[in-house]
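Peer 1:
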Amino acid sequence: MPAVTETIDAVASVTEGPYKYGFETDIEMEFAPKGLNEDIVRFISAKKNEPEWLLEWRLKAFAIWQKMEEPRWPAVKYPPIDYQDAYYYAAPKNKPGPKSLDEVDPELLRTYEKLGIPLKEQAILAGVEGAGETPAEGGRLPVAVDAVFDSVSVATTFKHRLEKEGIIFCSISEAVQNHPELVRQYLGSVVPQADNFFAALNSAVFTDGSFVYIPKGVRCPMELSTYFRINAKSTGQFERTLIIADAGSHVSYLEGCTAPMRDENQLHAAVVELIALDDATIKYSTVQNWYPGDENGKGGIYNFVTKRGACRGARSKISWTQVETGSAITWKYPSCILQGEDSVGEFYSVAITNNYQQADTGTKMFHIGPRTRSTIVSKGISAGRGQNTYRGLVKISPKATGARNFTQCDSLLIGDQCGAHTVPYIENRCMTAKVEHEATTSRIAEDQLFYCRQRGLSQEDAVGLIVNGFCREVLKELPMEFAVEAQKLLQISLEGSVG
Amino acid sequence: MITLFEPGPEGFLRRYEGLNARLPGNRTPWVAALREKAAAAFRAQGFPTRKIEAWHFTDLGMMARSAFTEALTPVDGSVELPASHASRRAVFVDGRFREDLSETPVQSLGANLSAAEGLLGSVARVDDVPLAALNTMLFEDGALIDLPAGEDGGTIELLSIIEANDRPIAVHPRHVIRLGKGATLVLIERAIGRGEGRYLHNPVVEIVLEEGAHLTHARIQQEGKDGIFLSTVFAKAAAGATYDSFLLHAGAKFSRSEAHVSLDGPKAMAHLNGAQLLSDGQFGDCTTFLDHAAPDCASRQTVKTVLAGKSRGVFQGKIHVHQVAQRTDGYQMNQALLLSDQAEINSKPQLEIYADDVKCSHGATVGELDENQLFYLQTRGIPQATARSMLIEAFLEEAVESVEEETARAALAEAVAGWWEKVA
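Residue numbers (my numbering), protein chains in the order written: chain U, -4 to 494; chain F, 52 to 475.
(1) Taking only runs that begin and end inside the stretch 252 to 312 of chain U, name each unbroken beta strand (DSSP E) of 3 or more residues, in chain order.
(2) Going by C-alpha distance, which of Pro133(F), Asp407(F) and Gly59(F) is nearest glycine 244(F)?
(3) State the CB to CB distance for the pair isoleucine 279(F) and leucine 299(F), rounded to an integer number of angstroms; the pair is presumed to be in contact (CB under 8 Å).
(4) Check this for me: beta carbons of alanine 167(F) and leucine 189(F), under 9 Å apart or not?
(5) For tyrosine 328(U), go through chain F and note every residue whose CB falls closer than 7 Å to its CB, in chain order.
(6) Once DSSP output is grouped into helix, strand and coil, what is the label at valine 227(F)?
(7) Taking its Cβ as the centre, do 16 or more other Cβ atoms sit within 10 Å of glutamate 441(U), making it buried, or is it exposed?
(8) For the stretch 396 to 407 of chain U against the stretch 361 to 371 of chain F, are there 3 or more C-beta pairs whose distance is under 8 Å?
(9) Measure from the C-beta of tyrosine 405(F) to each C-beta in chain U and report whether the shortest distance is under 9 Å.
(10) Grouping DSSP H, G and I as helix and E and B as strand, with all else coil, what is arginine 101(F)?
(11) Give, in chain order, every residue of the stretch 396 to 423 of chain F whose Cβ lies closer than 7 Å to some Cβ of chain U.
(12) Among the residues of its own chain, which have a CB less than 6 Å from the CB of serine 373(U), if the five just before and after it don't count?
(13) Check the DSSP bridge columns for lysine 287(F) and list the partner residues they point to.
(14) With 8 Å as the C-beta to C-beta threshold (strictly closer), list the residues of the stretch 420 to 443 of chain U near chain F in chain order.
(15) Spatial neighbours of glutamate 336(U) within its chain, please: CB distance less than 8 Å, with the 5 preceding and 5 following residues excluded, ordered by chain position.
(16) Please state whether DSSP places glycine 59(F) in a helix, a strand or coil.
(17) Using 9 Å as the limit for Cβ to Cβ distance, is tryptophan 315(U) near chain F?
(18) Mind checking the stretch 403 to 417 of chain U against chain F and listing, in chain order, the residues whose C-beta falls within less than 8 Å of any C-beta there?
(19) How big is the Cα-Cα spacing for glycine 387(U) and tyrosine 328(U)?
(20) My output table needs one value for glycine 469(F): the three-state DSSP class, helix, strand or coil.
(21) Just the Cα atoms here: how many angstroms apart are arginine 86(F) and threonine 187(F)?
(22) Using Cβ-Cβ distances below 7 Å, what residues of the stretch 187 to 214 of chain F are close to chain U?
(23) So which residues of chain U does alanine 349(F) contact, with C-beta pairs closer than 9 Å?
(24) For a contact defined as C-beta to C-beta under 7 Å, what are the partners of proline 365(U) on chain F?
(25) Measure how close the beta-carbons of alanine 481(U) and valine 282(U) come, nearest whole angstrom, since I'm counting them as under 8 Å.
(26) Glutamine 374(F) touches chain U at which residues, Cβ-Cβ below 7 Å?
(27) State the DSSP-derived secondary structure class of methionine 475(U), mapped to helix, strand or coil.
(28) Can you tell me the Cα-Cα spacing of alanine 195(U) and histidine 362(U), whole angstroms?
(29) Evaluate contact between the stretch 451 to 458 of chain F and the stretch 400 to 418 of chain F, counting only Cβ atoms and requiring at least three cross-stretch pairs below 8 Å.
(30) Can you check the stretch 97 to 169 of chain F for any beta strand (DSSP E) of at least 3 residues that lies completely inside it and give the ranges in chain order?
(31) Any chance the stretch 234 to 250 of chain F sits against the stretch 209 to 224 of chain F, with 3 or more Cβ pairs inside 8 Å?
(32) Look at the Cβ atom of isoleucine 347(U), then the Cβ atom of leucine 460(U), and state whether they are nearer than 9 Å.
(33) I'd like to check one pair, valine 417(F) with serine 398(F): are the Cβ atoms closer than 9 Å?
(34) With a cut-off of 8 Å on the beta carbons, I'd call isoleucine 313(U) and leucine 269(U) a contact; round off their distance for me.
(35) Only counting the same chain, and skipping five residues up and downstream in sequence, which positions put a Cβ closer than 6 Å to that of lysine 355(F)?
(36) With H, G and I counted as helix, E and B as strand and the rest as coil, what does DSSP make of serine 198(U)?
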């Protein structure tokens, strides 16, 4: 399908129903009572049958969180959050494995359908007995999905195939039960409980998330993927993702999210920790299109996420790619700690804010080991009354001899009510390191628009084309499946901002 | 025996309370009100801490721990004056205006406060700039330059000499400058420290540029070895006016210069260039806030920092483009050259943009000398050491090149060369 048709389709699908993924599944929940206190933390831990050490770890995080203050430095505005007015535990009903898809809760199936998950994978996700033994159809590149359906991983696909390679890909709760030694060794080793307000909160109450372990020398045969879904009114989401790539291994992880439409603001405070040992590579890609609120700025998700990767080993590499189009507020700085010599950190980002969306996002690159290298490419697009901030840090320690950083942040403004801000911090304590930073801010050039219009494109398509071109450097870093979706999303997100 | 005030903000506040009745202008209600407001603001804020974003990289701990005393007031006596590039000069010794060594059109602010009514305090902000509050609360003297419309003020040097050896004095001079419509002036503001001891020099400069006025403002800081230099410039430019400034940090133990420049009228223009030359044991901070508050304005900024020995440099440059400031053209460049493995540079260029029809960019580079350039020179038979100093000199010369006005450029080039001779 040509890109233009696809764009029109995508836009049409949005205009028909204001938000494509704006539905709410009604499944019976086992709620913990509203509010947050030590008992809730104990409840979550008990519910998940966790070992004593993890409970202690959660309680310590909770104690730290209680003493912390919510950060006020990001360039975002929102009404105060009442942390006592939310549910911290909600899990889909626990049923024995159904025999076929017919027995699966139809609400759940409908959710999968709207998410576009193929039937076969649906069966596996719903835990149909015997499903998932046969290879994927049509020779299509398999994607292993670990669906986080309202905090609890419902099931994990392609498990057996991965198991053959010795790869562990499961929910973090399962990992706690089955691989406690790995979880205990690495959990909180990159993002400690006291790291920041939201990470502390997450450490205390995280309910689920994904766990990945790639053994030595293994190249993961497929893209691993999690669909994040926020469901059930007033349920904050506190996923915890932990990915460990052992020496010489390679993994590409996709994170994509959609959320039901609602009026009330929702808090989402996830923590993602990546660990790359010698010669290992982790590629982490995100497409985030949570509900951004309506055109008057009502509703939408608060996305306060801590993502950090540690390149512990020599020649290891961590690459973050993100396309942020959703959420009312995004507060997110995927970072790399470059410890191993010759390790590499990358950050490629597209962030769009339209209507009343606010985004304060960027990255931190900590150069610790010698000859460490990092690349930052950030593209911010503001439309409507959106506010878009790039905030980044490049820090070079005295031992990072020969370290190298290149940063490029470009901002595009569409309309005169929006804002684009750039706040890079550069801290260098090493003589032989080289740091370069470039930033530009401009609007779409009239001559580019004129050229496209002259060739018969509508104003909207022309803007879409130019915006896609503006973001190309980042989009090309995405795995193929994501790149197509991301292009559509850019178009959808800018809907109504031109003309 | 020297009586020292207690260290920290309390010492300064107590000094204000004790001195209040004797400060210049205390019997004039508007001056007294100005000081009172500043004192309240300073009492509320104290010294800025690193928790404040504008002070993220800079710790005033050294100043907070130092105890200072008041300056004795030499009203005459011989002072050895350095050669001047400017045609006219105004001299301040330990913060005091020396009428005998100064020429018109510079007047003593302390002695002519009534002439500065409506001007003094009209640009400086005390509510969120605690050091400006400190200055407003305690200033005793400074320069007043008020050029009428259309006048060419020529070249003036404002020379501050502090001879601190045994007295850790604290001085807070206040300079007020207004250029009427179309007036022009080249102002070379130079601060020299002659002693070895600790002292605080905390000048505030307020600048009002009316329509089409043009000010070249070269600031040369060559304070003494243990001096603390904290300076704040507030400037506003009306339609078509140009504020062309260059800041040079070459001396002092600890220096921070803040510039708050606002382009208030269409087609106003600002250059906020600078260079920091830091050698062993020094700290230098160049911080600028540039407000594009009107359409069709342009700004240019290039700041270079050279760091030798165990030194630390900071650059912070914020460009704020207001929604009305359509067709803004802003450019900012910050470069740092590290000559030692103990040097540290912190840099934070910042764009905050609320208008869509703008062209703004910034760039920053940090590193040692370009290996290719070094290699090129060596292949031409130039020894490595010579090649290095050639490249450093070129880097420094480049910094000063942006100054168009010849007298100012010559003064700056001389200061830069002087620094390099000592370091190389």
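The beta carbon of each residue, even a glycine, is placed where N, CA and C say it ideally should be. In this text the structure is predicted, and so the values were computed from the model without any measurement.
Peer 2: For this structure:
(1) Qualifying beta strand (DSSP E) stretches, in chain order: 261 to 263, 266 to 271, 276 to 283 and 296 to 306.
(2) The candidate whose alpha carbon is nearest that of glycine 244(F) is Pro133(F).
(3) That pair is no contact at about 17 Å.
(4) The Cβ atoms of alanine 167(F) and leucine 189(F) do not sit closer than 9 Å to each other.
(5) For a Cβ distance threshold of 7 Å, nothing in chain F lies close to tyrosine 328(U): the least Cβ distance comes to about 15 Å.
(6) Annotated three-state conformation of valine 227(F) is strand, per DSSP.
(7) With fewer than 16 Cβ atoms within 10 Å of its Cβ, glutamate 441(U) is classed as exposed.
(8) Cβ pair count under 8 Å is below three, so no.
(9) Closer than 9 Å to the CB of tyrosine 405(F) there is at least one CB belonging to chain U.
(10) Looking at arginine 101(F) - three-state DSSP - the assignment turns out to be coil, as it is neither helix nor strand.
(11) Across the stretch 396 to 423 of chain F, CB contacts with chain U closer than 7 Å involve Ile396, Asn397, Ser398, Lys399, Pro400, Gln401, Leu402, Glu403, Ile404, Tyr405, Ala406, Asp407, Asp408, Val409, Lys410, Cys411, Ser412, His413, Gly414, Ala415, Thr416, Val417, Gly418 and Glu419, in sequence order along the chain.
(12) Here the set comprises Ser344, Tyr385 and Cys404.
(13) Looking at the DSSP output, lysine 287(F) shares a beta bridge with Val259(F) and Ser313(F).
(14) Residues Tyr420, Ile421, Glu422, Asn423, Arg424, Cys425, Met426, Thr427, Ala428, Lys429, Val430, Glu431, His432, Glu433, Ala434, Thr435, Thr436, Ser437 and Arg438.
(15) Taken in chain order, the residues that qualify are Ala309, Arg310, Gly364, Pro365, Arg366 and Thr367.
(16) Reduced to three states, the DSSP call for glycine 59(F) is coil.
(17) No, tryptophan 315(U) does not count as interfacial toward chain F.
(18) Listed in sequence order: Ser406, Leu408, Ile409, Gly410, Asp411, Gln412, Cys413, Gly414, Ala415, His416 and Thr417.
(19) Rounded to whole angstroms, the gap between the alpha carbons of glycine 387(U) and tyrosine 328(U) is 8 Å.
(20) Helix, per DSSP.
(21) Using only the alpha carbons, I get a separation of about 6 Å.
(22) Those residues of the stretch 187 to 214 of chain F that come within reach of chain U (Cβ to Cβ, closer than 7 Å) do not exist; the list is empty.
(23) What alanine 349(F) touches in chain U: nothing, since even the nearest Cβ is about 15 Å away.
(24) Neighbours of proline 365(U) on chain F: none; closest Cβ ~13 Å, over 7 Å.
(25) Rounded to whole angstroms, the Cβ separation of alanine 481(U) and valine 282(U) is 5 Å, and the two are in contact under 8 Å.
(26) What glutamine 374(F) touches in chain U: Asp411.
(27) Methionine 475(U) falls in the helix class under three-state DSSP.
(28) For alanine 195(U) and histidine 362(U), the distance between alpha carbons rounds to 25 Å.
(29) Between the stretch 451 to 458 of chain F and the stretch 400 to 418 of chain F there are fewer than three inter-stretch CB-CB distances shorter than 8 Å, so the stretches are not counted as touching.
(30) Fully enclosed beta strand (DSSP E) runs of 3 or longer: 139 to 144 and 147 to 149.
(31) Yes, the stretch 234 to 250 of chain F is in contact with the stretch 209 to 224 of chain F.
(32) In this structure, isoleucine 347(U) lies away from leucine 460(U), with their beta-carbon atoms at least 9 Å apart.
(33) For serine 398(F) and valine 417(F), yes; Cβs fall inside 9 Å.
(34) The beta carbons of isoleucine 313(U) and leucine 269(U) sit about 6 Å from each other, so the pair counts as a contact at 8 Å.
(35) These residues qualify, in order along the chain: Ala326, Gln386 and Ala450.
(36) Collapsing the DSSP output to three states places serine 198(U) in a helix.
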